[in-house]
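Residue numbers (the working numbering): 374 to 785.
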Amino acid sequence: MIDYDAYLSRAGVSMQGSAIRKMGVVAAGIPDIISFAPGYPDPTVFAWEELREIVSSLLDGHDPNALQYGPTRGHTPLLGALLEILASRGIRCGADQVLVTTGSQQGLDLVARILCDPGDAVIVELPAYTGAIAAFKDVQADLVGVRQQQDGVDLDHLEDVLAGLKQRGRRVRCIYIVPNFQNPTGMLISLEKRRRLLAVAARHNVLIVEDDPYGDLYFNDADATLTRPIKADDDEGRVIYLSSFSKTLAPGFRVAWIAAPAALVAKLDTAKQAADLCTGSLDQRIVYEAWVRGVLARRVPELRSRYRYKKTVMEDAMRAGMPGLLRWQEPRGGFFIWAALPEHLSGDAMLQAALAERVVYVAGAAFFVDGSGRNLIRLSFSAPAPDVIVEGIRRLARVVRTAAEASTAPGV
Ligand code: PMP
Numbered sequence: 374m375i376d377y378d379a380y381l382s383r384a385g386v387s388m389q390g391s392a393i394r395k396m397g398v399v400a401a402g403i404p405d406i407i408s409f410a411p412g413y414p415d416p417t418v419f420a421w422e423e424l425r426e427i428v429s430s431l432l433d434g435h436d437p438n439a440l441q442y443g444p445t446r447g448h449t450p451l452l453g454a455l456l457e458i459l460a461s462r463g464i465r466c467g468a469d470q471v472l473v474t475t476g477s478q479q480g481l482d483l484v485a486r487i488l489c490d491p492g493d494a495v496i497v498e499l500p501a502y503t504g505a506i507a508a509f510k511d512v513q514a515d516l517v518g519v520r521q522q523q524d525g526v527d528l529d530h531l532e533d534v535l536a537g538l539k540q541r542g543r544r545v546r547c548i549y550i551v552p553n554f555q556n557p558t559g560m561l562i563s564l565e566k567r568r569r570l571l572a573v574a575a576r577h578n579v580l581i582v583e584d585d586p587y588g589d590l591y592f593n594d595a596d597a598t599l600t601r602p603i604k605a606d607d608d609e610g611r612v613i614y615l616s617s618f619s620k621t622l623a624p625g626f627r628v629a630w631i632a633a634p635a636a637l638v639a640k641l642d643t644a645k646q647a648a649d650l651c652t653g654s655l656d657q658r659i660v661y662e663a664w665v666r667g668v669l670a671r672r673v674p675e676l677r678s679r680y681r682y683k684k685t686v687m688e689d690a691m692r693a694g695m696p697g698l699l700r701w702q703e704p705r706g707g708f709f710i711w712a713a714l715p716e717h718l719s720g721d722a723m724l725q726a727a728l729a730e731r732v733v734y735v736a737g738a739a740f741f742v743d744g745s746g747r748n749l750i751r752l753s754f755s756a757p758a759p760d761v762i763v764e765g766i767r768r769l770a771r772v773v774r775t776a777a778e779a780s781t782a783p784g785v
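Given below as structure tokens:
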């Protein structure tokens, strides 16, 4: 018998599967389970008809490159479209400053690869997106957490953490941040804080990795201006900006992009050559056609109202089913409600009971690099149908009420 563990790299040994994926596997084995675990888009709002037409026109044979390898940097017309999309978000970019990636997840992996040596420090929020944690951990970066306040990252704590790391002679590569409707908290960082964050990064000479898959999905039109990316005010070239078509068109295409200073994009391009040579040629053409034919522009306002409605359905069900038991800050966009259980309960410990009731969520600890977050849970309202959300919250309410009663029972 070969001991395969003996062949693994240090990074290979330490790699761990995502808590969100694990929940997916567990849930798949339970009939009629209702899952609030993965942040999947609602499949009923995919542009099925229009995409069918686009795909069939792309496969009529007139473009032999539709199924060919393409440039690593991306399909040229799509790169042009990206410059326009970025400009609409206030980001001015040249053609040498964008790169298409196979999902933003690949973008995070490439960024981690080109920036970090083992032991380099990377600053993340408490809590942070698990996929980013995984990408930085896989290159053996040392993840250091910074607390959040109601309007996003706590800049005083960030200053303290950066000063402490400097004092200990540590090399800090970047601050990873999701300013718009963060995964998992749904939090929107205030504009004032975005400006100050840029100034803090400049003062400490660290890069910012800004991950923005949810910025288009605000629930109130009045918030549109509040999603202005940090990158839009980055005169110095300090921000690596990532965004994706996963949440607005469909994640199955795996088409996303990075906008960054040309020197970094050139490095990312080289790293991508070793990862996958190029993003799917057909996928990029489909996404480009969806953009150029106005499918995206028509669809996104519908998504905003659809997700706003589902968020409201979930919140109403939570208030009705377990009044006073869960606390959360109302999300103003995105896919998630981040809820605090009563202090003495643990999201992880409650999972078995939740699975027995055929409902599942992601326990909050997975999002914290400092081992905290035990009483928090992430509930995703994006994928399930509204009546399913109501039933799922009813089941969850039974679980939470029972756990709360058991833990306050006399003698326990
Ligand atoms: N960043 C964040 C914050 C996300 O929530 C996700 C998807 N869950 C991603 C990146 C990855 O998205 P993509 O589908 O583009 O790989």
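All residues carry an ideal CB built from backbone N, CA and C; glycine is no exception.
In this chain, the beta strand (DSSP E) harbouring Y614 covers 612-617.
When the Cα atoms are used, G694 and L752 turn out to be separated by approximately 15 Å.
The shortest CA-to-CA distance from P586 to any of V772, L714, S616 is the one to S616. Per DSSP, the continuous alpha helix (DSSP H) segment holding R569 begins and ends at 564-577. Between V517 and A485, the C-beta spacing is not below 7 Å. Note: I631 is bridge-paired with L472, L615 in the DSSP secondary-structure output.
Each residue's CA atom was taken as its position, placing L535 and R576 some 10 Å apart. According to the DSSP assignment, A712 belongs to the beta strand (DSSP E) that extends over 709-713. With respect to V612, I581 sits close: the two C-beta atoms are nearer than 7 Å. In this structure, A629 lies away from G412, with their beta-carbon atoms at least 7 Å apart. Per DSSP, reduced to three states, the secondary structure at E609 is coil, with no helix or strand assignment.
By a beta-carbon distance limit of 8 Å, A776 contacts A726. Their separation comes to about 7 Å. By the Cβ test, the segment 665-672 is not in contact with the segment 636-647, since fewer than three Cβ pairs between them sit closer than 8 Å.
Counting only residues whose CB is nearer than 6 Å to a non-hydrogen atom of the ligand PMP, the list in chain order is G412, G476, S477, Q478, Y502, G504, V551, N556, D584, P586, S617, S619, P624, A629. In summary, D584 is buried, with 16 or more beta-carbon neighbours lying within 10 Å of its beta-carbon over all protein chains present. The DSSP assignment places 449-461, 476-488 as complete runs of the alpha helix (DSSP H) inside the segment 432-503, in order along the chain (cut-off: 4 residues). Annotation: R543 is outside any alpha helix (DSSP H) and is labelled neither H nor E by DSSP. Beta-bridge annotation (DSSP): L749 is paired with A713.
In this structure, V735 sits near A410, with a CB-CB distance shorter than 7 Å. In the structure shown, Q523 adopts coil according to DSSP, grouped into three states. The Cβ neighbour count for G467, taken over all protein chains shown within 10 Å, is under 16; the residue is labelled exposed.
DSSP places Y680 within a helical segment (H, G or I) once states are collapsed to three. One alpha carbon belongs to T445, the other to F626, and they sit about 16 Å apart. With a cutoff of 7 Å on beta-carbon distance, S391 and A400 are scored as not near each other. Within a 10 Å sphere around the beta-carbon of G443 sit 16 or more other beta-carbons, which makes this residue buried.
Following the DSSP letters along the chain, one finds E583 inside the beta strand (DSSP E) bounded by residues 580-584. Look at L516 here: in three-state DSSP terms it is strand. Within its own chain, the residues whose Cβ lies closer than 7 Å to the Cβ of L655, once the five positions on either side in sequence are excluded, are L431, A439, L440, listed in chain order. One Cα belongs to Y661, the other to T474, and the distance between them is close to 14 Å. C-alpha of D596 to C-alpha of M374: approximately 60 Å in a straight line.
As the crow flies, the alpha-carbon of L698 is around 23 Å from that of G706. For W701, the beta-bridge partners assigned by DSSP are A712.
Between A632 and Q479, the C-beta gap is not smaller than 7 Å, which leaves the two residues out of contact. By the neighbour-count definition (other C-beta atoms within 10 Å, threshold 16), A379 is an exposed residue.
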